[in-house]
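First to last, the protein sequences are chains A and B.
Just so it is clear: in the first sequence, position 106 is 106 by my numbering, and no numbers are missing.
Numbering-wise, my numbering comes out as the position in the second sequence, counting from 1, plus 481.
Backbone N, C-alpha and C fix where the C-beta goes; we use that ideal spot for every residue, glycine too.
In this text, all values refer to a predicted model and were calculated from it rather than measured experimentally.
Notes follow once the structure below has been shown.
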Amino acid sequence: MSSYHLLLPQCTILIGVLVLALFEIVDKKFHHRQGWIVHVIALSLAFVQQLLLYRLPASLFVTGGMILDGTTQLFSLCVLLLSILIQINRQTEKYSSQSQTSILTLGVTFFCLFAIQSNRVLFSVISVLGMIWLAHGALATETKLKEETNLIYSGIIRGLIFLVVGVLLSILCISVFGESQMDEIQRVIVRGRLRQPPVFAIEVLILFLGALVLGVPPFGGILGRARNHSSWSLSLGLTGLFAIVGTNIFVRWGLLVFTRPAIGVLELEPLTTWNILNVIRVISVTGLVLTPLLAILNKNIRGSFLFFILNPFVQALFALSFGQREILGGAIAQVVVSVIIIGLLISSIQALEFSPTATLKEWMALGRTDMVACLSIILALSSAAGLAPFYGSFLLQKTLSINSSFGVVLLLNMVLSGFYVGRLLTLAFHGGTADSSQPTISRTQKMWFAAQFIILIFMGIFWQPLYKYGAYSIRQFFGEV
Amino acid sequence: MRLRIIVASVSLILSSAIAFLLAPSSRAPWVIIGLLCFGGILLFDIYNQLPRRWMNLVIFLLTYALILCAVLENTAEAFWRDFAGALFFTSLLFEQNSKPWSGFGPLRTTVTPALIFLMLILAQSVPSLPPELNYGFSLGAIIIAAYIELFCIFRENTAFNAGSFMSALRIACAGLGTLFYSSVFIPEIARQHPFNLMNIVLPAIAAIVALFSIFLKHWRRRQILFYCNWSLFIFWAALSGETFRFYAAIGALVAGVWTIMMTDHESANPQNQRELYLKLSTWGVPGSFLFTIIIFALSPTTDDLVRQGSALWLLSFFIYWSGLRSFVFQKERTTSKPEWDWRRSLALVVTLVGASLLAGIRVLPGIFSEIWNQVGGVR
């Protein structure tokens with residue numbers, strides 16, 4: 001097996017993009033169903049290929065331009081799974097006929113994989129830039145014609161800001177360490193006596209970019225207004241994809257580079273005087289408070305959901321900041337669970353055919369008319385809140401509380417999240433007059449909700465295997481591979 | 482409807498069988514008690530409330546699965562987690578099946594207490610808390626679990642939720658959870674000062690709630706509070722640490738769950754004797770049980786606090802029953818009176834036979850023994 005095998009999923013997606021582009025060029029009126037099928041096949045094939053790549057020895061690739069250790073593998077699978085879920089849900093999307101959207105979203109997935117698997121900061125920056133521009137393009141195709149240009153310009157500007165900071169980071173890395181390769185940077189930090197200010201600047205830039213891509217409040221993500229008027233599947237799904245990549249930046253660019261396994265214990269210790277673990281903790285604590293709070297304060301359903309789906313990612317980030325092997329495992333597993341949560345949320349809210357500007361008024365008494373979809377949303381949000389019996393409800397909280405008094409903030413996060421879910425639940429079943437014009441949900445859709453919900457609840461109840469798998473995926477962090 | 486009932490019954494039996502096979506011998510009785518409670522809900526659902534929607538059945542089965550998981554867990558943390566999940570689903574079922582209401586006031590929903598319960602459990606993990614405070618949080622969580630329906634007592638139309646399967650489910654979850662906790666995970670400090678005062682504090686809370694129920698006009702709301710008190714009574718009986726009270730609490734739990742489901746919601750037709758008997762007997766079973774347990778509670782004990790607590794319980798139930806003085810027989814709002822079916826017949830048989838047997842099972846031997854001794858003494 002050679003290192004080129006690593007690129008198999010990307011190649012498959014690229015072929016998918018090319019086929020869709022060919023459809024677009026040759027026959028401008030091709031049926032959207034064909035595009036949808038090609039898209040799903042490309043993603044599914046890439047998912048299977050990625051799954052089979054676990055057989056590659058990680059040590060072979062971590063030193064090259066690409067990485068494929070357990071964490072990268074898991075994050076890549078999450079990206080592909082979420083992309084598949086987005087695309088499956090787009091089958092009923094009225095905008096899905098636009099072939100451009102399909103090509104652009106497949107492109108986002110393509111760059112996502114590179115952003116996660118790249119071992120060089122510069123390549124990752126370029127990949128994330130590709131993601132930002134393509135995502136804005138895809139979101140713009142689903143809005144009114146006169147808004148498209150504005151959104152694309154806004155996307156280009158956001159991408160440029162990211163590029164400027166990213167290039168600055170890459171230049172700093174190359175000038176300080178002579179490399180932008182992450183494992184090499186770590187070796188230099190371990191070996192040499194470096195001047196602390198430039199290293200400090202690099203850390204700050206990395207954390208800023210990570211928070212920006214993840215969308216931790218108050219940054220609000222780099223998709224901006226573009227998410228507000230597009231379809232539910234793209235706006236929520238792309239936010240999820242960016243959140244995975246953002247988490248990966250924290251893990252790969254932050255933890256892997258600026259920490260190392262402490263001798264004799266299963267913990268990471270900081271390599272610089274500025275303890276990056278503590279800083280990540282402060283960022284995540286801010287996110288833990290602001291994410292549910294902004295979701296509560298937002299009267300617009302989409303706005304509040306966009307904030308709230310970041311909640312499990314912020315909880316995972318908080319757990320990551322403790323740098324302990326077991327907790328890191330739990331945090332990585334939390335990212336996997338988040339993918340299913342977003343999938344369930346997209347499918348159920350899309351079935352209700354809410355307009356992008358829907359407010360809580362439209363939500364009121366919805367449970368009386370369309371209970372299945374409404375409950376699916378509630379359960380997805382309960383899971384995102386980390387309420388029992390869903391994954392992370394007790395595990396993270398109890399483990400983290402033992403380690404630090406910061407655990408109280410996680411408790412506060414759950415209180416706020418609980419209030420958010422409780423309020424939505426109360427409003428969904430209260431005695432107001434429900435809108436009888438809601439679409440009826442087909443049996444297939446109900447079964448689709450049920451399938452996702454069963455996976456979600458099983459992940460919560462039988463959490464041990466997931467936890468172990470998460471811990472297994474970070475073995476390399478602790479020098480076990 | 483029939484398909485739903487069959488699917489639910491098969492799932493219930495299958496999950497119980499799996500849990501029974503997987504359970505260590507010390508936990509197997511808990512699986513059986515769980516099956517008795519949840520199976521009773523499904524069996525005696527004379528209004529077919531539960532299988533009306535697939536979603537109800539799914540959440541009901543999930544709740545049951547979580548309760549089974551809870552009684553099979555090895556650690557207190559895992560037990561609380563499953564218990565909290567079961568309560569969350571119960572409150573979810575309550576909200577989705579309850580009568581419509583204005584929706585204003587977050588404290589008037591049953592979801593709020595379920596979330597407070599979770600927070601109290603989570604609060605135990607805050608570092609450097611003394612064990613007393615941790616146990617205090619557990620106690621608070623159990624009291625919240627017992628009084629979940631108290632939160633929604635003032636909302637519109639809540640009276641019509643009395644005697645619903647949601648109430649029965651809440652009693653089943655809270656009862657099983659608290660009994661299991663008292664039996665397996667309760668810390669040693671629970672028996673020491675100041676927590677031994679709970680033997681009085683808990684009945685005192687119940688007495689206050691009973692006093693409060695007097696001021697409620699609708700008897701159905703009083704019924705809701707009565708069942709809340711009953712949940713607490715079950716916990717108290719288990720907490721007192723005496724074996725016979727513990728078994729009595731198990732009996733009270735099963736009887737409570739069953740009779741909620743058996744109780745006729747409409748006014749009984751005097752022409753139909755069976756209806757009349759069922760109505761009277763379903764009220765009779767909890768009554769019989771209640772007084773049986775009160776007799777247990779008042780039976781000789783070395784613990785003064787338990788004795789005083791028993792007296793307080795007697796007082797609180799007396800207050801509750803005294804509220805019946807204002808009971809007015811009026812025509813209930815009925816839309817369709819269900820036909821007399823095999824479930825009602827079964828319920829009637831169970832209540833008549835069960836009530837008489839169970840009520841006498843402890844009392845009669847004692848009385849006979851006393852008489853025997855007296856007679857022997859005379860000789």
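What ranges does the alpha helix (DSSP H) occupy inside the region 562-639 of chain B, keeping only unbroken runs of at least 4 residues that lie completely in it?
592-604, 612-627
C-beta neighbour in chain A for B/V491, strict 8 Å
Put simply, the CB of B/V491 is far from chain A, with every gap to its CB atoms at 8 Å or more.
If you follow the beta strand (DSSP E) that A/T273 is in, where does it begin and where does it stop?
Unbroken run through A/T273: none, as it is neither H nor E.
Uninterrupted alpha helix (DSSP H) stretches inside the region 676-712 of chain B (no shorter than 4 residues):
679-695
For B/L650 versus B/F541, is the C-beta distance shorter than 8 Å?
yes
Using only the alpha-carbon positions, how far apart do B/G858 and B/L502 sit?
In this prediction, B/G858 has a pLDDT of 49, which is less than 50 and means its spatial position is unreliable; nothing more can be read from the coordinates.
Using C-beta distances below 8 Å, list every residue in its chain close to A/L410, excluding the 5 sequence neighbours before and after it, in chain order.
L288, Q315, F318, L396, Q397, L400, S401
Starting from A/P261, trace the beta strand (DSSP E) in both directions and tell me its first and last residue.
259-261
Measuring only between beta-carbons, confirm whether A/G392 sits less than 8 Å from chain B.
no
So which residues on chain B does A/A405 lean against when the C-beta distance must stay under 9 Å?
Here residue 405 of chain A turns out to be Ser, not Ala, going by the sequence shown. The contacting residues are V607, P608, S609.
For A/S118, which beta-bridge partners are listed by DSSP?
A/M66
Could you tell me the alpha carbon to alpha carbon distance between B/I629 and B/L603, rounded to whole angstroms?
18 Å
Using the three-state DSSP reduction, which class does A/N403 fall into: helix, strand or coil?
helix
Taking the beta carbon of A/L139 as the centre, do at least 16 other beta carbons fall within 10 Å, making it buried, or is it exposed?
In summary, A/L139 is buried, with 16 or more beta-carbon neighbours lying within 10 Å of its beta-carbon over all protein chains present.
Residue range of the alpha helix (DSSP H) that includes A/F449:
Taken as a continuous stretch (DSSP letters only), the alpha helix (DSSP H) holding A/F449 covers 443-461.
Burial state of A/H39 (16 or more Cβ within 10 Å)
buried
Do B/F716 and B/A557 have their beta-carbon atoms positioned less than 8 Å apart in this structure?
No, the pair does not count as a contact, with Cβ atoms beyond the cut-off.
What did DSSP end up calling A/Q324 once you bin it into helix, strand or coil?
strand
Look at A/A135 and A/L238 and say whether their C-beta atoms are less than 8 Å apart.
yes
So, is B/R860 buried or exposed, given that buried needs 16 or more other C-beta atoms within 10 angstroms?
Bear in mind that the predicted position of B/R860 carries a pLDDT of just 44, short of 50, making it too unreliable to give a figure here.
Given that B/P668 touches chain A, what residues does it touch there, using C-beta distances under 7 Å?
Those do not exist, as B/P668 stays about 17 Å from chain A at its closest Cβ, beyond 7 Å.
Among B/E613, B/L683, B/N642, which one has its Cα closest to the Cα of B/I623?
B/L683
Where the alpha helix (DSSP H) through B/T659 begins and ends:
646-661
Chain-ordered chain B contacts of A/Q397 [CB-CB under 8 Å]
L603, S606
Are there three or more Cβ pairs, one per stretch, closer than 8 Å when the region 483-500 of chain B is compared with the region 531-546 of chain B?
yes
Residues bridged to A/Q181 (per DSSP):
Note: A/Q181 sits in a beta bridge opposite A/R120.
For the alpha helix (DSSP H) that B/N537 lies in, which residues bound it at each end?
535-553
Reduced DSSP secondary structure (H/G/I, E/B, other) of A/T357
coil
At a Cβ threshold of 8 Å, is A/P389 touching chain B?
yes
Please report the Cβ distance between B/M743 and B/F569, rounded to the nearest whole angstrom; I am assuming they are in contact, meaning their Cβ atoms lie under 8 Å.
The Cβ separation is near 27 Å, so there is no contact.
If we cut at 8 Å on Cβ distances, does B/R534 have a partner in chain A?
At least one chain A Cβ lies under 8 Å of B/R534.
Contact set for B/W711: own chain, Cβ-Cβ below 6 Å, skip 5 residues either direction
G737
Contact the region 489-497 of chain B vs the region 509-525 of chain B: 3+ CB pairs below 8 Å
yes
Per-residue contacts from B/W565 into chain A (C-beta, under 9 Å)
The sequence as given places Ala at residue 565 of chain B; Trp does not occur at that position. Within chain A, the residues near B/A565 are L387, A388, P389, S393, F394.
Where A/N278 sits in the DSSP three-state scheme
helix
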